[in-house]
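Each remark here refers to the structure printed beneath this line.
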C-alpha cells in the first residue's frame, strides 16, 4: 500500500525481470503466498526472446525448458522463436495471474529504511525486504576492443542487433566469436554473402555424442565455482563446447566453419593478423556474448575484487536479501527454473525472521 504520493510502496519481494528466471521466481512466490511485484523493462512478454532475430526459428533453439507448472507444447518449429516464446510467456503470466508491470526500468537498488531495500524505478519506488534479480544478460552486449577499430569504414554490429541474413547479401563478412550464435550467424550469412571469415580467440570445441545429466552437472559446477569465488560468470557453453548437429557438420565440410585465429588489429578496410595476412571486409559482426545486467545493484557494493558478485546458490554473500536467478550456473532455462524455487525457499526463511535481514559486512 502506498503511504503518500511520493512514499515507496511496501512489498515483501521485488522481482526485477520477467524472462524465464523472473517468471519462474514469480510462480514460486505466488505459490508461497508472498507479497511481491514483478518489474520488467521490456514492452511485452517474452523476456530477451522477443528481441531475437526472425530467422532464429523455434526448431533451431538449443533447448527451451518449460516454465514450472505449464508445458510448452505443439509449437511450430518453423515459426520465429521470438513469437513462440513470447506467446508462451504471455499465456503463462495469464494462467498463473502473474501481474507483471511493464515497461518499468529499474535504475537503482539502495539501502532503505529499517533494513529494507529501496528499489528506484521509472514507475516509482518500492521498499522491499528482499529482491530477486532476474535481469539476464541481453541488455549488456559485450564489444571487445582492438587497435584500429574506430578506423573501420564498414559496418560493425553485435548479435544483439543482428537482423537476419538478408542484410548481408553480397557482402564480405567477418564473424567474431566462438559460441552458438556465431555458428548460427555464419551458417545463415554464408548462403547470401560474397565471403565469410570466422575468427575466434580459442579453437572452438564441437561436442558430438551424448551429453547427459552427469555431464551437465559437471559443466554447471565449473561455472558455479567461478561465481563462488566472486569472478564474473562464464557461459555454460564455454565449458560444455558446441553441440554438433547436421547443419554444423555441413558447415565444417564446406569450409564455412573453418576457423581462423582472431586478428591482431582492424584496418579501415578489414582486418590484419600478426603473421602479415590481411582480409577485406564490408561488415564485422561481433558474436562475442553478453555480460550480466546488474548495474542497478551497484549502490549495494556487491561486487568482489575479481569483478563478479559472489553467490552461494542464488544468494549474494555480501547481502543475504539479494538473490540472483539466471546468473552464472542458473543461466540456462532449466537452471533458472530450479534456482527460482531455491531462491524463494531461502527468502521464506529470511522473511520469517525479525527484524529484516541487514547486509553482510
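Residue numbers (my numbering): 5 to 365.
Think of the CB as a built atom: it goes at the ideal place given N, C-alpha and C, for glycine as much as any other residue.
Check for me: the alpha helix (DSSP H) holding residue i runs from which residue to which?
i	result
residue 255	250-258
residue 188	184-193
Nearest by alpha-carbon distance to residue i: which of the options is it?
i	options	result
residue 263	298, 203 and 311	203
residue 151	319, 12, 271 and 307	271
residue 88	317, 103, 59 and 109	59
residue 277	205, 57, 309 and 315	205
residue 34	176, 332, 73 and 139	73
residue 345	136, 63 and 299	136
residue 179	309, 297 and 284	284
residue 100	32, 306, 342 and 201	32
residue 13	316, 120, 269 and 260	120
residue 41	165, 63 and 97	97
residue 161	288, 312, 44 and 235	288
residue 293	127, 118, 156 and 145	145
residue 200	261, 207, 107 and 211	261
residue 163	53, 351 and 312	53
residue 106	93, 43 and 123	43
residue 255	305, 317, 237 and 188	188
residue 115	265, 303 and 139	303
residue 286	339, 176 and 308	176
residue 265	208, 259, 308 and 248	208
residue 340	15, 131 and 139	139
On the DSSP letters alone, give me the boundaries of the beta strand (DSSP E) that residue i sits inside.
i	result
residue 34	Careful: residue 34 lies outside any beta strand (DSSP E), inside the alpha helix (DSSP H) at 24-36.
residue 199	199-204
residue 177	176-180
residue 1	This structure does not reach residue 1, given that the chain is present from 5 up to 365, and the question cannot be answered.
residue 144	Run containing residue 144: none; DSSP gives neither H nor E here.
residue 289	287-290
residue 274	274-276
residue 159	159-162
residue 283	282-284
In angstroms, rounded to a whole number, what distance separates the CA positions of residue i and residue j?
i	j	result
residue 39	residue 328	19 Å
residue 113	residue 159	37 Å
residue 147	residue 182	14 Å
residue 184	residue 246	7 Å
residue 252	residue 323	44 Å
residue 355	residue 133	7 Å
residue 69	residue 76	8 Å
residue 27	residue 168	28 Å
residue 296	residue 143	8 Å
residue 357	residue 326	16 Å
residue 190	residue 29	35 Å
residue 291	residue 186	5 Å
residue 71	residue 321	27 Å
residue 319	residue 231	11 Å
residue 127	residue 331	25 Å
residue 274	residue 282	7 Å
residue 299	residue 280	40 Å
residue 347	residue 49	22 Å
residue 311	residue 234	7 Å
residue 90	residue 56	11 Å
residue 93	residue 250	30 Å
residue 269	residue 156	10 Å
residue 118	residue 166	46 Å
residue 192	residue 237	29 Å
residue 111	residue 313	18 Å
residue 343	residue 353	16 Å
residue 267	residue 259	19 Å
residue 364	residue 64	Its pLDDT being 44, under 50, residue 364 is placed unreliably in this model, and the value from its coordinates should be taken loosely. Residue 364 and residue 64: Cα-Cα distance of roughly 44 Å.
Using DSSP's beta-bridge definition, name the partner residues of residue i.
i	result
residue 110	125
residue 88	DSSP, once it has assigned bridges, lists no residue as partnering residue 88.
residue 137	20 and 328
residue 265	204
residue 42	19 and 104
residue 294	145
residue 93	DSSP output for residue 93 lists no bridge partner at all.
residue 246	210
residue 131	14 and 122
residue 320	315
residue 307	313
residue 270	275
residue 355	For residue 355, which the question treats as bridged, DSSP gives no partner whatsoever.
For the ligand MG, is there any heavy atom lying closer than 8 Å to the beta carbon of residue i?
i	result
residue 113	As far as ligands go, the structure on display features none, and thus does not contain the ligand MG.
Next on the checklist: Using a Cβ distance threshold of 8 Å, determine whether the segment 12-26 contacts the segment 72-84, with at least three qualifying pairs required.
Outcome noted: Judged by Cβ distances under 8 Å, the segment 12-26 makes no contact with the segment 72-84, as fewer than three pairs qualify.
Checklist entry - Are the segment 190-204 and the segment 167-180 touching, with three or more C-beta to C-beta distances below 8 Å? => result The segment 190-204 vs the segment 167-180: in contact.
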